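The structure appears right after this line, and notes come after that.
Residue numbers (the numbering used here): 46 to 204.
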């Protein structure tokens, strides 16, 4: 088996446990309904679960879209970005938080030490700039306008 997949003669098959987990996350935890705009976020190492969730959102009648990063991309942002990039708040991110009905987050690390050489001041600056978006997300969730759930995807790095 390779990170949530098993090989058969015909094709690569997803681990059925991921399909069951996706069904619980989408149908029970997030309660996705027909017409819901559903953001699915995660890291590239969690792709098998992201795919299973995507499929379950479609089965529930929702409209899924995926936002995916890797440890290397996140590390590169903090290593290379300048002050303007750290302070920048994307209007797309603001629009997403104001528009989505559901957010499903998958936490998965390929390398738990990938951020160890990153300047914590840069991380703090970016977090401070994004604080209004985070606050708005939590406000919408508290008002019942947004449902969200998150879970850990097991990886070799987190074992």
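Ideal Cβ positions, reconstructed from N, Cα and C, are used throughout, including at glycine.
Treat the numbers as computed from the prediction; the structure is a model and nothing was measured.
Across which residues does DSSP place residue 109 in a beta bridge pair?
-> Residue numbering aside, residue 109 sits at position 64 when the chain shown is read from its first letter. Within the DSSP secondary-structure output, residue 109 pairs in a beta bridge with 83.
Which value, in whole angstroms, describes the spacing of the CA atoms of residue 128 and residue 61?
-> Along the chain shown, one-based indexing puts residue 128 at 83. Along the chain shown, one-based indexing puts residue 61 at 16. In this model, residue 128 and residue 61 are separated by some 45 Å (Cα to Cα).
Could you give the DSSP three-state label for residue 148: helix, strand or coil?
-> Counting from one through the chain shown, the residue named residue 148 turns up at place 103. It is a strand residue.
Provide the residue span of the beta strand (DSSP E) that contains residue 163, from first to last.
-> Residue mapping note: residue 163 aligns to position 118 of the chain shown, counting from 1. From DSSP, residue 163 is part of no beta strand (DSSP E); its letter is neither H nor E.
Nearest-angstrom Cβ-Cβ length linking residue 180 and residue 147, presumed shorter than 8 Å = Here residue 180 corresponds to residue number 135 of the chain shown, with the count starting at 1. Here residue 147 corresponds to residue number 102 of the chain shown, with the count starting at 1. Not confirmed; about 19 Å, so no contact.
When the distance is taken between beta carbons, is residue 77 closer than 8 Å to residue 105?
-> Position 60 of the chain shown, counted from the first residue, corresponds to residue 105. Position 32 of the chain shown, counted from the first residue, corresponds to residue 77. Judged by beta-carbon spacing, residue 77 lies within the 8 Å limit of residue 105, meaning their Cβ atoms are closer than that value.
Could you check where the alpha helix (DSSP H) with residue 125 kicks off and where it finishes?
-> Working through the chain shown from its first residue, we reach residue 125 at position 80. Its alpha helix (DSSP H) spans residues 116-125.
Can the beta-carbon of residue 156 be found less than 8 Å from the beta-carbon of residue 202?
-> Mapped onto the chain shown, residue 156 falls at position 111. Mapped onto the chain shown, residue 202 falls at position 157. With respect to the 8 Å criterion, residue 156 and residue 202 are classified as neighbours on the basis of their beta carbons.
State the beta-bridge partners of residue 88 as determined by DSSP.
-> On the chain shown, residue 88 is found 43 positions in, with the first residue counted as 1. DSSP output for residue 88 lists 114 as bridge partner(s).
For the beta strand (DSSP E) that contains residue 175, what are its first and last residues?
-> Locating residue 175 in the chain shown gives position 130, counting from the first residue. No beta strand (DSSP E) contains residue 175, which DSSP labels as neither H nor E.
Beta bridge counterpart(s) of residue 192 as assigned by DSSP | Reading the chain shown from its first residue, position 147 is the one you call residue 192. Answer by DSSP bridge pairing, in chain order: 147.
Proximity below 8 Å, CB of residue 133 to CB of residue 164 = Taking the first residue of the chain shown as position 1, residue 133 is located at position 88. Taking the first residue of the chain shown as position 1, residue 164 is located at position 119. Cβ atoms of residue 133 and residue 164: not closer than 8 Å.
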